[in-house]
Structure formats: structure tokens, C-alpha cells
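Here is the structure we will look at, set down as C-alpha cells.
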Amino acid sequence: MRLVVGTRGSPLAMTQTRWVVERLQRLDRQLEIAVTEIRTQGDVQAEAPLASMPRGVFAKELELALERREIDLAVHSFKDLPTDLSPEFAVSAITKREDPRDVLIAPGYGSLDDLPLGARLGTSSPRRAVQLRAHRGDLEVVPVRGNVGTRVAKAEGPDFDGVVLAAAGLHRL
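Residue numbers (our numbering): -2 to 170.
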């Protein structure tokens, strides 16, 4: 049997997909699996703030590839799926949850409390932004886009005192 798996091309998406493919092949050694990289609107518009983009910007092209039968299944981060999934689709498997915590990457600082007044932090998550401001109202919290590596690099650059991102993404890479 041959399966075509669709996924985004980010390093994290490809790592997650390899993990799923390995487990599927453990279940059936005869299974032939091809991986197809699919660029989504969220990937193409990499500089636009996520909050300004429509829901499902990281999933729509994967859904279209499923509809057109170009792929048999898609591997995708559950957090990026729209909550109102089209009725013709189903979430058929969810992997074991990774570390749910967030991580502060701020070279030279040990914790949020060590950051100077008015420190500038980047995050891609509106939830994290709200939590950061609740903890430290003086922080300048700025939306930041890019894959995990790009966001880590921004923490080490001159424009930010640090970034906050999901621990799961760091662990997987």
C-alpha cells in the first residue's frame, strides 16, 4: 500500500511528519510512504501578523490537497487547525502531547523577572502576549513570525530582549 502524506515545509512540520511516518511504518513494514511539502498562506505571508490573518492560514492548502486527492493524509500541528473543521474532514489521530510549557529565550537573563523594565519580547501567540503582560505590565510584547530557528535567532539579535515560544517546538527540533 502507498500513502502520500502532506505537510508544511518548516523544519518543525517536517520533523513531526517524519515521526508520524516512522510510527506508521512500524505498524506495517510493507507501507510505502511519500511525503509532499505544501506551502500554505501562512508560510507565503511570513511577515504578516498572525492576528491579522484569517483562521486556518496554515491548514487551508492541506485541506485542498486532501479534497483533490493529491494526498491521503496530512500531518499538522493541532493548535493551527481551525476549530470548525469542514465536515468532510476528520482528525483521525492525535499524537501523545509534548511538553505544554512555554520557554523564554533571553540571552543574559535567567527569567522574566530578571528582564529590565520595558524589555521587548517577541511571541507568535496572542495567548502568550496576554499572559506576559499580566505577569509584567511593563513589557513591550511584539508579534514575531517565523519558524522556531528564526524566532530563536531574533532573541539573540538587537531588536529583542528575548522571545517566548512553545517548549514542544524546541524539544522536537
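Glycine included, each C-beta is placed from N, C-alpha and C at the ideal position.
Check whether I68 and G3 have beta carbons under 7 Å apart: Their beta carbons are under 7 Å apart, which means I68 touches G3 by this criterion.
Rounded C-alpha distance that separates G166 from L9: Distance between G166 and L9, taken at the CA atoms: about 7 Å.
Sequence-distant residues of the same chain with beta carbon closer than 8 Å to D40, five excluded per side: Result list for D40: R5, G6, S7, F55, in chain order.
CB-CB length for L118 against V161, believed under 8 Å: That pair is a contact at about 6 Å.
Check: L162 C-beta below 6 Å from any heavy atom of the ligand PLP: Absence of the ligand PLP from the depicted structure is noted, as is the absence of any ligand whatsoever, leaving it without description.
Rounded separation between R23 and Q42 - CA only: So the alpha carbons of these two residues sit roughly 37 Å apart.
Option in N144, E29, G53, G154 with minimal Cα separation from L82: If we check each option's Cα against that of L82, G53 comes out closest.
Range covered by the beta strand (DSSP E) that runs through A99: According to the sequence shown, residue 99 is Asp rather than Ala. From DSSP, the beta strand (DSSP E) with D99 extends over 99 to 102.
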